[in-house]
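A.B. asks: Quick one: structure below, then a few questions.
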Amino acid sequence: MNPRSETFAASSNRPRWTWAVIVFLVAFALRWPSCGESFWVDELHTAWCAFADLSGVGRRAVIGNQQGGYFYAMYAWRHLMSVGVTEVYGVEAAMRSTSVLLTAFSAAGLVWGVSRVSGSLIGGVAAGLALSLESNAIFFGTELRPYAAVVFLATVVLGLMESVMEENRERVADCDDASRSRIGWLGALNRIMVHGLVMVAAAVHVTSLTVLAVLLLIFAVIDWWSNREDSSAKWSVLMINGAAGALWVLVAVGWLREHESLWQTRNAWTSFANAQSWGQIWRMWPWAPLVILPLVATGLQRLRGRSVASLRCDTVASRLIVIAILSVLIATIACFVLSLWGGIALWHRRYLVASLPLLCAAMGLAIGSMTRREKKATASGVNANEVLAIFVAAGCLLLMVYQQGTLNRLCRGEVRLAQRGEDWESAIEFAGRSVSSRDSVWVDAGLIEQNGQPTIVDNPELEEYLRYVTGGPYALGDQVKAIGVGDDAIEAWLMRVAERPNVEPESDIDAGLNGQPAALITRQSLAQMESLPLDVERHRFGRVTVLVRTR
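Here is the structure:
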């Protein structure tokens with residue numbers, strides 16, 4: 000590349016960098032105010048793992064039916080954070096900043112990648128802003144859970160797929176047969192990295208495969224199809240994807256054997272991620288602003304400006320749109336059907352969260368393609384296609400934030416767009432102050448694992464897990480004993496020890512000086528709490544309730 004071309008490339012990339020930084024700051028600004036709220040119950044499991052000794056991180060993750068990779072990363076992040084940062088911003092913001100940064104980088108990455116593929120900065124900015132503003136992306140982008148990492152990895156995987164498809168296009172267009180017969184070391188490396196990063200995403204959270212496995216399969220088919228006329232490249236692609244496929248089978252078999260207990264206990268999870276009506280598919284994602292409107296606008300523009308033949312998927316951008324939307328549709332419908340008819344608990348946004356960057360990228364690519372039609376200038380010299388693309392992008396974004404309620408909340412001056420409503424920090428601190436030294440406090444966190452367990456849990460490892468909300472950054476104090484309990488905890492706590500059926504008084508020997516648990520922290524809501532005994536006080540902290548005995 001000569002100096003003049005290098006200067007041109009740098010100047011053409013400067014707007015992308017500028018807008019990528021702007022979108023990053025927008026995404027960060029929309030998420031950061033929500034990071035100071037108390038951790039909610041799911042996040043407290045992550046915190047419990049991160050606050051363990053290094054040897055206990057993996058064990059605590061496994062007890063909670065999670066994989067260890069993400070939690071080791073959070074353990075390392077906690078130790079990298081200086082004491083000053085934690086004191087100034089709080090442990091919640093310091094830990095949640097990982098998810099904020101990952102989703103903000105994802106939004107910035109979409110700006111860069113989509114604008115590069117579509118040749119339109121308008122499409123790239125639209126895609127990045129869509130991921131910045133989408134309410135689910137904000138929620139998962141402010142949560143101390145693995146799902147922000149899945150969003151980030153899905154964004155990178157999509158970018159690598161674009162590089163492979165662009166390399167295929169350039170090689171096929173090359174007239175040199177010797178050049179066409181090689182995919183090149185960079186093309187091979189990109190393909191290997193696509194499989195490798197999807198495996199990393201699976202290691203972060205296996206449910207990421209609900210979307211990424213479908214995406215990977217469709218990509219492999221299109222990759223082979225693009226090289227079908229070149230025997231050398233075709234076989235190279237088959238060897239790489241075939242070897243990766245064989246490795247995937249081995250990994251899957253090993254994982255299924257190691258986690259066989261999850262299948263045996265699947266019925267316990269159906270209440271959490273259960274599909275009930277076909278309308279839930281429509282409500283899962285903002286299909287209209289992210290898929291339907293951009294495609295309709297692009298299709299109408301092409302039909303009006305050219306011919307039906309121009310609707311062919313003959314560009315990298317067009318193929319990426321098809322791959323992204325088809326992957327999300329197949330994954331969403333498959334999870335719905337498996338949940339509705341198969342009894343498999345997969346119907347939840349967190350298990351399909353990798354869909355978000357794909358849908359936002361598809362929207363941006365569709366809008367970006369509108370600017371690549373035949374140049375049409377207005378009387379003032381403005382490109383009419385770009386003006387139309389801006390209006391479509393603005394309309395889609397406004398419709399999305401209106402439908403999801405974000406626009407109304409921003410207009411009311413709300414800055415905390417993600418709220419959990421579980422003030423465990425205040426509840427645990429209050430319970431610790433309200434009981435005497437050596438008293439005990441029952442912890443009823445409303446976990447799925449409590450289902451079917453006796454109120455007094457006799458498995459020490461399970462009991463430790465059921466009270467993990469008090470084992471991380473929030474603690475009752477050294478002199479107060481926390482006890483994780485099972486089913487029917489509220490009813491049992493309200494009874495006197497002698498009144499409890501099938502429970503020996505001796506089993507409550509750790510209940511405290513008076514043989515009674517002095518307080519109960521619960522996330523449950525039952526009718527029994529509406530009419531409490533005179534010696535019991537109720538204190539609410541959002542969706543967390545503390546019951547305390549006054550005598």
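To convert, note that position 120 of the sequence shown is 119 in numbering that gives the first Met the number 0; the numbers rise steadily by one, no gaps.
Glycine included, each C-beta is placed from N, C-alpha and C at the ideal position.
Considering only residues of the segment 393 to 449, which uninterrupted alpha helix (DSSP H) runs meet the minimum length of 4 residues and lie entirely inside it, listed in chain order?
C.D. replies: Complete alpha helix (DSSP H) runs here, min 4: 405 to 410, 423 to 433.
A.B. asks: Does residue 167 come out as helix, strand or coil in the three-state DSSP assignment?
C.D. replies: Within the sequence shown, numbered from 1, the residue matching residue 167 stands at position 168. Of the three classes helix, strand and coil, the one that applies to residue 167 here is helix, per DSSP.
A.B. asks: On the premise that residue 37 lies in contact with residue 346, defined as a C-beta separation below 8 Å, what is that separation, rounded to the nearest angstrom?
C.D. replies: Within the sequence shown, the letter at position 347 stands for residue 346. Within the sequence shown, the letter at position 38 stands for residue 37. Rounded, the Cβ-Cβ distance is 28 Å, inconsistent with contact.
A.B. asks: Tell me which same chain residues have a C-beta within less than 6 Å of the C-beta of residue 19, skipping the five on either side of it?
C.D. replies: If you number the sequence shown from 1, residue 19 lands on position 20. Cβ within range, chain order: 107, 110, 111.
A.B. asks: Whole angstroms are fine: how far does the CA of residue 402 sit from the CA of residue 316?
C.D. replies: Within the sequence shown, the letter at position 317 stands for residue 316. Within the sequence shown, the letter at position 403 stands for residue 402. Cα-Cα distance, rounded: 27 Å.
A.B. asks: At what residues does the beta strand (DSSP E) containing residue 520 begin and finish?
C.D. replies: Mapped onto the sequence shown, residue 520 falls at position 521. Note, residue 520: beta strand (DSSP E), 518 to 521.
A.B. asks: Can you look up residue 549 in the DSSP assignment and give me helix, strand or coil?
C.D. replies: As a working mapping, residue 549 is identified with position 550 in the sequence shown. DSSP places residue 549 in coil when its eight states are reduced to three.
A.B. asks: Classify residue 540 as helix, strand or coil using the three-state DSSP reduction.
C.D. replies: Within the sequence shown, residue 540 is the residue found at index 541, counting from 1. DSSP places residue 540 in strand when its eight states are reduced to three.
A.B. asks: Are residue 222 and residue 210 touching if we call contact CB-CB under 8 Å?
C.D. replies: Residue 222 sits at position 223 when you count from the first residue of the sequence shown. Residue 210 sits at position 211 when you count from the first residue of the sequence shown. No, they are not a contact pair.
A.B. asks: Below 8 Å on the Cβ atoms is my contact criterion, and I expect residue 431 with residue 465 to pass it. Report the Cβ-Cβ distance as a whole number of Å.
C.D. replies: Here residue 431 refers to the residue found at position 432 of the sequence shown. Here residue 465 refers to the residue found at position 466 of the sequence shown. Their Cβ separation, rounded to whole angstroms, is 18 Å, which puts residue 431 and residue 465 out of contact at 8 Å.
A.B. asks: So what does DSSP say about residue 343, is it helix, strand or coil?
C.D. replies: Stepping through the sequence shown from its first residue, residue 343 is reached at position 344. Three-state result, residue 343: coil.
A.B. asks: Taking buried to mean at least 16 other C-beta atoms within 10 Å of its own C-beta, is residue 292 buried or exposed?
C.D. replies: As a first step, residue 292 is located in the sequence shown; it is residue number 293 there, counting from the start. Burial call: buried.
A.B. asks: Just list the residues that DSSP pairs residue 535 with in beta bridges.
C.D. replies: Counted from its first residue, the sequence shown places residue 535 at position 536. Answer by DSSP bridge pairing, in chain order: 548.
A.B. asks: Thinking C-beta only, is residue 545 closer than 8 Å to residue 520?
C.D. replies: For the purposes of this step, residue 520 is taken as residue 521 along the sequence shown, with counting starting at 1. For the purposes of this step, residue 545 is taken as residue 546 along the sequence shown, with counting starting at 1. Yes; because the gap between Cβ atoms is below 8 Å, this pair is in contact.
A.B. asks: Do the CB positions of residue 66 and residue 204 come within less than 8 Å of each other?
C.D. replies: For the purposes of this step, residue 66 is identified with residue 67 of the sequence shown, where counting begins at 1. For the purposes of this step, residue 204 is identified with residue 205 of the sequence shown, where counting begins at 1. The answer is yes: Cβ separation under 8 Å.
A.B. asks: Check each candidate in 493, 294, 332, 248 and name the one with the smallest Cα separation from residue 275.
C.D. replies: The sequence position of residue 275 within the sequence shown is 276, counting from 1. It is 332.
A.B. asks: When the distance is taken between beta carbons, is residue 143 closer than 8 Å to residue 17?
C.D. replies: Sequence index remark: in the sequence shown, residue 17 carries index 18 (1-based). Sequence index remark: in the sequence shown, residue 143 carries index 144 (1-based). Contact: no.
A.B. asks: Could you pull the DSSP bridge partners for residue 455 from this structure?
C.D. replies: In the sequence shown, residue 455 corresponds to position 456, counting from 1. Looking at the DSSP assignment, residue 455 forms a beta bridge with 484.
A.B. asks: Hey, is the segment 148 to 166 in contact with the segment 363 to 372, meaning 3+ C-beta pairs nearer than 8 Å?
C.D. replies: Touching, no, given that fewer than three Cβ pairs across the two stretches are closer than 8 Å.
A.B. asks: Under a three-way DSSP split, which group does residue 240 fall into?
C.D. replies: One-based indexing of the sequence shown puts residue 240 at position 241. Helix, per DSSP.
A.B. asks: Checking 8 Å against the spacing of the C-beta atoms, do residue 69 and residue 349 come in under that value?
C.D. replies: Residue 69 sits at position 70 when you count from the first residue of the sequence shown. Residue 349 sits at position 350 when you count from the first residue of the sequence shown. No, the pair does not count as a contact, with Cβ atoms beyond the cut-off.
A.B. asks: Pair every Cβ in the segment 74 to 82 with every Cβ in the segment 125 to 139, then say whether three or more of these pairs are closer than 8 Å.
C.D. replies: The segment 74 to 82 vs the segment 125 to 139: no contact.
A.B. asks: Is the closest heavy atom of the ligand SAH to the C-beta of residue 22 under 7 Å?
C.D. replies: Although the ligand SAH was asked about, the structure shown includes no ligands whatsoever.
A.B. asks: Just to confirm before moving on: does the CB-CB distance between residue 133 and residue 285 stay below 8 Å?
C.D. replies: Taking the sequence shown and counting its residues from 1, the one referred to as residue 133 is at position 134. Taking the sequence shown and counting its residues from 1, the one referred to as residue 285 is at position 286. Closer than 8 Å, so yes.
A.B. asks: Residue 12 by DSSP, collapsed to three states: which one?
C.D. replies: Here residue 12 is taken as the residue at index 13 of the sequence shown, counted from 1. DSSP places residue 12 in helix when its eight states are reduced to three.
A.B. asks: With a CB to CB cut of under 7 Å and the five nearest residues on each side skipped, what residues in its chain are close to residue 89?
C.D. replies: As a working note, residue 89 is residue 90 in the sequence shown. Excluding residues within five positions, the ones whose Cβ falls inside 7 Å are 35.
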